[in-house]
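Numbering (the numbering used here) for the sequence shown: 67 to 240. Think of the CB as a built atom: it goes at the ideal place given N, C-alpha and C, for glycine as much as any other residue.
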Amino acid sequence: MLEILTYGNPDLTKPNSELEQIGDEELALIGAMIETMYEADGVGLAAPQIGRNLRMFVLDVDFDRDAKHPDETRNPQVFINPKITWESTEDEPFEEGCLSLPNVHAQVWRPSSVRMTWRDDAWEEHDELLEGYLARVAQHEYDHLEQHLFVDRISQNKRLSLAPKLTELRNNNK
Ligand code: NI
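What follows is the structure, encoded as structure tokens:
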């Protein structure tokens, strides 16, 4: 399992570069990110969260750890060089968490659907309308590539109430 960086680690908010191609090294990294995501009980994981400043994330919105055969419900998706090309004007709230912000949860408003282009791990191009939970998770992960965490998108009051936890996380990274 790869080490997941937490809030306050400077690598989390460094600029992220596009991948120019995919080779054995990138495929190995993607495989390790997917395994790390499952082991950490996450729905998504972006490369900067494991200290690699690349425009890439993985997610799985179908995995059901309570299923009789959880491994059979796995459906990991790989997003390389993603771009959001359209956002719905309608926003909706959702309680978010993040592997880089352990024990922190807050309601975040985001567009309910987005159009995204990306390449997958076979370097195939995608251009799709993402809706529902997939849109939510993809936007959260995309934010990581744009050097944002979900706590950047919450109300001032909520930020104040989370301040002690955020300070504690930051201090752990000193
Ligand atoms: Ni996150």
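| Asked | Found |
| --- | --- |
| When we look at the beta-carbon of T102 and count the other beta-carbons within 10 Å, is it buried (16 or more) or exposed? | buried |
| Confirm the yes/no value for this check: CB of A112, any heavy atom of the ligand NI, distance under 8 Å. | yes |
| Which first and last residues belong to the beta strand (DSSP E) in which S179 is found? | 179–185 |
| Where G117 and L78 are concerned, what is the direct C-alpha to C-alpha distance, given to the nearest angstrom? | 7 Å |
| Nearest by alpha-carbon distance to L196: which of R121, A112, K149, E92 is it? | K149 |
| Taking the alpha-carbon positions, what's the V170 to D218 distance? | 13 Å |
| Could you name the residues of the same chain whose beta carbon sits closer than 7 Å to that of H210, not counting the 5 residues immediately before and after it, in chain order? | A112, P114, Q115, F123 |
| With hydrogens ignored, establish whether the beta-carbon of S83 is closer than 8 Å to any heavy atom of the ligand SAM. | Among the ligands in the structure shown, the ligand SAM does not appear; only the ligand NI can be found there. |
| At what residues does the beta strand (DSSP E) containing K149 begin and finish? | 143–153 |
| Let me make sure I understand the geometry here. Which of E138, P76, M182, R131 has the alpha-carbon closest to that of W152? | M182 |
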